[in-house]
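Residue numbers for the sequence shown follow my numbering, beginning at 1394 and rising by one.
Note that beta-carbon positions come from the ideal geometry of N, C-alpha and C, so glycine has one too.
To start, the structure itself, in structure tokens.
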Amino acid sequence: MGKYVCEVCGYVYDPAEGDSERNIPAGTAFEDLPDDWTCPVCGADKSQFSPE
């Protein structure tokens, strides 16, 4: 499970941490995030993330 970087703002999604603001538990791979998940910093959608 690798980290993914938001190409808009630089936020890094780390699967080891998840996204506590949106109830995404630690250990959730980027590929397993819901389709409607967005960057918690700028609101960009998943298509605007790339592998770190």
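(message) Run through the DSSP bridge pairs and tell me what V1401 is partnered with.
(response) Per DSSP, none; premise fails for V1401.
(request) Find the nearest neighbour of C1435 within the set Y1397, K1396, G1403, judged by alpha-carbon distance. (result) G1403
(message) Measuring only the C-alpha atoms, how far is D1428 from E1400?
(response) 17 Å
(message) Once DSSP output is grouped into helix, strand and coil, what is the label at D1438?
(response) strand
(message) Using C-beta distances below 8 Å, list every residue in its chain close to P1433, excluding the 5 sequence neighbours before and after it, in chain order.
(response) Y1404, D1412, E1414, R1415
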